[in-house]
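Reading through the structure tokens given below for one structure.
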């Protein structure tokens, strides 16, 4: 289809602004733009149709099943959107005086307190804009703590080899050396490897639990104890919180700080990659280092914004992605203390239901009760038929199903990671199971067909190598 | 209580059995007892949709919504065309994730490619990324792009938004980078101080300049860029995207990297977020850009196609060797900006920019008659600083009573005012009349039926 620059005509446009009602002024020549600015010249009708076409070439959670492992693509409730569209939130200037923003401060306080209860933490900041941004903030808390104590020899962060790439990257951004420890055969932390890795130079450990292969690490108390005894702190990556919220709390597992993804666990939409929100929580002894202004007081006596005494500074302007927080609060109020464990229990049930049904044919990387997601290992299938995890994923596109996460975690080489979420009806999962089993048969009977998949999408497989070798990253105008 | 679990209790029981469990407790036996929650969460019970909607409305109503806003400082109340909200409410855009599966994500990928193109056009740069969390984090992430073994110190002008400087400082605390703030003189970057500082530092990596700066003033960006380049450092500009429709682009000023906050491009002020950061650079710096980048290619039938590209730069490949951990973008906000720019067009954006400037000039002139005099004197865009001869709290309260959010009090008894195309002459006259009441200037008494 056409790019937006390839439609419209010179001179088309919308009538949006009234005539200027004060005397005109002019920018001094020295500051004036001299190069032409190419932007589309379109009628409103053309804009509307262009984006409707683009929407038709996009698959969202509303279009169909989206079992993208580790991304928690659950349904995004509409009442959340309603709340975030209220003028009392959207028309609020971030720098208007506290007395004129009491409702917003209450939203922040209620959300922070609810998250603290769910995670077993004492304080939260809502500043971070995404999960990776939360990791960065959490590690800065750890760095602030050690620096404040004058404990400058702690230069290393321990990260399991099964971790998401953002974990080591976040540690590197905080000036830490990353110590990668191998996972044990059951996909969990290798306690001996951890004991060998910790020492006087350990700043902390980054971990998800359930881990990236979808298993709850039974040794979690021992793990956090080993790190604490070495003088390090424990950071909980909340990417997989949807499995355990209301069942178990990172704070009770020995973690000192956490981040959560409101766009995963707390049902705010992913927006094609953002805006997300990655609040960071911590135990009381770290709270003085939190970034940004903290909400204090009660709604009755008036809420105030006060900086934390030893604050690390700011990780983002203002108070984070506020409207995303509004949506998450609406979700927390809807579910309440009963609905939160109900959601996680059904997320885990749906995953185990699919796992058991799929293990009729597919090999599971870890053949045991999983949490909210599980990893299939297609190495044997590939060895036998030549059909890879990528081929099966592309085949799934023709069924109108978004494929599972491919090739992650790195410790399983032909991985497909499936996370159904609690918001899927049983029959949708049955259809996906049916499709995946059928694809398995196709792999055995007609591998070529799958090498060429997808066959029904708006494009075939794109040439990614060519794109990287010869980068075309913008449209070029003739004049 | 509310719930979004579709399966009935009966279905759940059946599924548990089919998966080989006798109950949920049985399934959760994989969690050790010592860490299992013994008590329910200490939260209220869940609510129906009607109750939630009412509760959220109550919270929203506790905030004051001002009829007219004369405050900016990083959050600008511009006009938003109706088509913007219509497009970004489409559920496909709202509910999709990062476009990992290109074949069913062409819509999002193409929209990002279009966004990148528009940002390149605005800034005059060769390449832009798919967007960043906000302008401040984009500014902070330019520093690692410029640091190498021979270039170690980062510089920023004191005329930059203080929040942006603070975010840069926090990021530099993380990466153990030295960040030096170059002082200002008369509301502009002190170019002599910059020259001196760079003369003494053979390891200068980059200098960050905001244009127009925090006080609304236009800096002599070209001359500053020349000083920076003469010292072998990179020149980074933080820019206001609306101003770019009429103002010399970063490319024309010699910048190597341009960043900014895209909030003015169709995003409501929303108590500070979500906004969107943009980042663009010369092609020489393309492979140093953090974040997602979409590229054009072809599919196996030769059709035009879009994919996430140049991924060798990114965290999932580089892991601990990565200089940025960003793995998402603010896509829906980038889409907002694209639709805004498509609706406004180059001429519409230029008109908005011209009106911002003209109306700011008008307010500044009128405020003089009320005894509020400009603190700085050079050319400015839509923000400017005045003194405040009376208690600023009293002045702002008087404005607030009439539905006006006045300027932002900044250090030493001065106020930073902002005007956009949304503020009418009548709004401005009303504001000035109230100010006169408070300062006792001008003799015209304000009547509330203005």
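Chains as they are written, first to last, in this note's numbering: chain H, 8 to 486; chain S, 1015 to 1464.
The C-beta atom is built at its ideal place from N, Cα and C for all residues, glycine as well.
Just so we're clear, the structure is a prediction, and the values are computed from it rather than from any experiment.
Beta-carbon spacing of residue i, residue j below 8 Å
i, j, result
"residue 334 of chain H", "residue 90 of chain H", "yes"
"residue 134 of chain H", "residue 298 of chain H", "yes"
"residue 1404 of chain S", "residue 1428 of chain S", "no"
"residue 302 of chain H", "residue 126 of chain H", "no"
"residue 266 of chain H", "residue 142 of chain H", "yes"
"residue 457 of chain H", "residue 402 of chain H", "yes"
"residue 1157 of chain S", "residue 1132 of chain S", "no"
"residue 361 of chain H", "residue 440 of chain H", "yes"
"residue 992 of chain S", "residue 101 of chain H", "Since the displayed chain S opens at 1015 and closes at 1464, residue 992 of chain S lies outside it and no answer follows."
"residue 1142 of chain S", "residue 1345 of chain S", "no"
"residue 280 of chain H", "residue 1306 of chain S", "yes"
Minimum C-alpha distance to residue i - residue among the options
i, options, result
"residue 1232 of chain S", "S:1317, S:1169 and S:1201", "S:1201"
"residue 273 of chain H", "H:210, H:354, H:263 and H:203", "H:354"
"residue 24 of chain H", "S:1140, S:1217, S:1436 and S:1451", "S:1436"
"residue 1127 of chain S", "S:1214, S:1375, S:1308 and S:1349", "S:1308"
"residue 107 of chain H", "S:1027, S:1417 and S:1439", "S:1417"
"residue 1373 of chain S", "H:15, H:10 and H:28", "H:28"
"residue 258 of chain H", "H:209, H:434 and H:124", "H:124"
"residue 211 of chain H", "H:189, H:171 and H:160", "H:160"
"residue 1279 of chain S", "S:1351, S:1029, S:1234 and S:1081", "S:1351"
"residue 1394 of chain S", "S:1401, S:1300 and S:1430", "S:1430"
Exposure label - residue i; buried when at least 16 CB within 10 Å
i, result
"residue 1023 of chain S", "exposed"
"residue 1459 of chain S", "Any reading at residue 1459 of chain S is ruled out, since the residue's pLDDT is 45, under 50, leaving its predicted position unreliable."
"residue 1463 of chain S", "At residue 1463 of chain S, the pLDDT of 37 sits below 50, so the modelled position is not reliable; the number obtained from the coordinates is stated separately. The residue in question, residue 1463 of chain S, is exposed, as its Cβ has fewer than 16 Cβ neighbours within 10 Å."
"residue 1249 of chain S", "buried"
"residue 1102 of chain S", "buried"
"residue 1246 of chain S", "exposed"
"residue 1331 of chain S", "exposed"
"residue 313 of chain H", "exposed"
"residue 452 of chain H", "exposed"
"residue 1139 of chain S", "buried"
"residue 30 of chain H", "exposed"
"residue 1449 of chain S", "buried"
"residue 1457 of chain S", "Confidence in residue 1457 of chain S is poor, its pLDDT being 49 and thus under 50, which makes the residue's placement unreliable; the coordinate value appears in the next sentence. Residue 1457 of chain S comes out exposed."
"residue 1275 of chain S", "buried"
"residue 1349 of chain S", "buried"
"residue 244 of chain H", "buried"
"residue 153 of chain H", "buried"
"residue 26 of chain H", "exposed"
"residue 1461 of chain S", "With a pLDDT of only 41 at residue 1461 of chain S, under 50, the local geometry of the prediction cannot be trusted, and the value read off the model is given with reservation. When all chains shown are included, residue 1461 of chain S counts as exposed."
"residue 357 of chain H", "buried"
"residue 215 of chain H", "buried"
"residue 41 of chain H", "exposed"
Assumed close pair residue i, residue j - CB separation to whole angstroms, cut-off 8 Å
i, j, result
"residue 110 of chain H", "residue 1067 of chain S", "Going by Cβ atoms, the distance from residue 110 of chain H to residue 1067 of chain S rounds to 15 Å, so no, they are not a contact pair."
"residue 253 of chain H", "residue 1055 of chain S", "6 Å"
"residue 255 of chain H", "residue 1097 of chain S", "Between residue 1097 of chain S and residue 255 of chain H the Cβ distance is about 47 Å, and since that is not below 8 Å, they are no contact."
"residue 1229 of chain S", "residue 1397 of chain S", "7 Å"
"residue 422 of chain H", "residue 372 of chain H", "7 Å"
"residue 250 of chain H", "residue 378 of chain H", "4 Å"
"residue 1366 of chain S", "residue 1256 of chain S", "6 Å"
"residue 1175 of chain S", "residue 1224 of chain S", "6 Å"
"residue 412 of chain H", "residue 21 of chain H", "Not a contact, Cβ separation roughly 41 Å."
"residue 1015 of chain S", "residue 346 of chain H", "5 Å"
"residue 269 of chain H", "residue 283 of chain H", "7 Å"
Residues bridged to residue i (per DSSP)
i, result
"residue 166 of chain H", "H:187"
"residue 1146 of chain S", "S:1291"
"residue 1318 of chain S", "S:1312"
"residue 1403 of chain S", "Residue 1403 of chain S is not bridged to any residue."
"residue 302 of chain H", "H:312"
"residue 1192 of chain S", "S:1167"
"residue 1274 of chain S", "S:1292"
"residue 1162 of chain S", "S:1165"
"residue 1225 of chain S", "S:1253"
"residue 1388 of chain S", "S:1400"
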